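**Student:**
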Amino acid sequence: LAEAGCRVDVAFCPERIAEGHALEELHTLPQIIGADEDRAAERATALFERVAAKTIRTTTKEAELAKLFTNTWRYMKFAVANQFFMIADQAGVDYTNVLRAVREDYPRAKDLPGPGFAAGPCLFKDTMQLSAFTADHFPMGQAAMQVNEGLRAYIVSALERRYGGLQGRTVGILGMAFKAESDDTRASLSYKLRKLLAWAGARVVCTDPFVEDDRLTTLDCVLKESDVLVLGAPHQAYRNLAIGGKDLVDVWGAMGQGIQL
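Residue 249 in my numbering sits at position 248 of the sequence shown, with consecutive numbering throughout.
(1) Ends of the beta strand (DSSP E) at Asp248?
(2) Given a cut-off of 8 Å on the beta-carbon distance, is the pair Leu220 and Trp253 in contact?
(3) Helix, strand or coil: how does DSSP classify Thr56 here?
(4) Is the beta carbon of Pro140 sitting closer than 8 Å to the one on Ile260?
(5) Could you tell me whether the Cβ atoms of Met177 and Ala243 are closer together than 8 Å?
(6) From the DSSP secondary-structure annotation, give me the bridge partner or partners of Thr46.
(7) Beta carbon of Ala45, beta carbon of Ala23: below 8 Å?
(8) Our contact map puts Gln317 next to Ser132 with C-beta atoms below 8 Å; I'd like the distance itself, whole angstroms only.
(9) With DSSP run on the structure shown, which of helix, strand or coil describes Arg109?
(10) How big is the Cα-Cα spacing for Gln84 and Tyr155?
(11) Buried or exposed: which applies to Ile33, given that a residue is buried once 16 or more other Cβ atoms fall within 10 Å of its Cβ?
(12) State buried or exposed for Thr29, treating a residue as buried only when at least 16 other CB atoms are found within 10 Å of its CB.
(13) Is there contact here, the region 122-137 with the region 58-71, by at least three beta-carbon pairs under 8 Å?
(14) I think Leu152 touches Glu161, with their Cβ atoms under 8 Å apart; what is that distance to the nearest whole Å?
(15) So, do the region 170-190 and the region 200-214 have three or more beta carbon pairs nearer to each other than 8 Å?
(16) What does Gly35 pair with, by DSSP beta-bridge criteria?
(17) Run through the DSSP bridge pairs and tell me what Gly173 is partnered with.
(18) Taking Cβ to Cβ, would you say Ala80 is nearer than 8 Å to Phe125?
Dropping the structure here:
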């Protein structure tokens with residue numbers, strides 16, 4: 002474009018929208034305007050002022066780091082939550098009650114999330130991108146990845162101990178998307194969990210009301226055939242679901258029985 006005589010302005014304006022909330026957050030979240038020249042910043046600001054609640058001016062590098070830090074911070078918070086859950090579980094302590102005690106009327110702990118599968122196309126990728134940017138001198142990010150990705154192996158190991166192995170057992174996974182009320186399966190830990198369960202010798206049946214996948218089956222089939230159920234994605238359809246007394250793994254605490262492993 003420059004060789005053709007066109008004036009080119011470069012601005013980096015990262016999106017920070019949560020999947021499934023684009024129409025709302027496009028108008029309510031501040032829009033970062035990363036530009037190294039005033040003309041580029043002015044043009045980008047004029048565009049985004051038409052839709053965003055406000056704009057925040059930075060340089061291009063500052064905008065890039067702001068984007069990566071935002072997603073990495075969320076990923077690390079989920080890792081802390083999952084690590085706390087595993088510590089409590091190993092101590093034989095009810096983590097539902099611990100989490101209630103930590104959060105209740107205590108403002109400095111309100112942002113502590115509950116445990117659950119932290120996955121999808123953004124948080125993991127941006128944490129690893131930041132690690133690569135620092136030439137792998139980012140041990141906190143690496144540790145967060147190991148904790149979040151390791152939760153599925155922790156669940157499988159717990160089931161193997163409970164049943165003395167998973168050979169001959171049928172495990173049902175409820176929810177294959179990477180997050181609730183979504184059909185997006187990119188980097189879903191439910192699919193990774195399915196592989197680990199199969200490698201451990203279990204027969205695995207899976208269902209999801211949003212995901213189109215020929216390998217999935219109906220909810221009724223999963224409930225009927227499974228010896229134990231694992232909540233993979235906390236869809237509203239599974240809240241307070243009657244499971245007929247079957248064993249349940251619900252690290253989200255979303256099915257009305259507290260956090261279960």
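Ideal placement from N, C-alpha and C gives every residue a C-beta, glycine not left out.
No experiment lies behind these values; they were computed from the predicted model shown.
**Tutor:** Answer, in terms of the structure:
(1) Per DSSP, Asp248 is one residue of the beta strand (DSSP E) stretching across Asp248 to Val250.
(2) Contact: no.
(3) The three-state reading of DSSP puts Thr56 in strand, counting E and B together.
(4) Going by C-beta atoms, Pro140 is not nearer than 8 Å to Ile260.
(5) With contacts defined by Cβ atoms closer than 8 Å, Met177 and Ala243 do not form a contacting pair.
(6) Bridge partners of Thr46: none, in fact.
(7) Against a cut-off of 8 Å, the Cβ pair of Ala23 and Ala45 comes out as no contact.
(8) Residue 317 lies beyond the residue range present for the chain, which begins at 2 and ends at 262; the question has no answer from this structure.
(9) Of the three classes helix, strand and coil, the one that applies to Arg109 here is helix, per DSSP.
(10) Distance between the alpha carbons of Gln84 and Tyr155 is about 11 Å.
(11) Under this definition Ile33 is a buried residue.
(12) Label assigned to Thr29: exposed.
(13) Taking one beta carbon from each stretch, the region 122-137 and the region 58-71 have 3 or more pairs nearer than 8 Å; the two touch.
(14) Taking a contact as a CB-CB distance under 8 Å, the pair Leu152 and Glu161 does not count as one, their CB atoms being some 15 Å apart.
(15) Under the three-pair Cβ rule at 8 Å, the region 170-190 counts as touching the region 200-214.
(16) The partner list for Gly35 (beta bridge, DSSP) reads Phe13 and Thr59.
(17) Under the DSSP definition of a beta bridge, Gly173 partners with Val206 and Leu230.
(18) Not a contact, by the Cβ cut-off of 8 Å.
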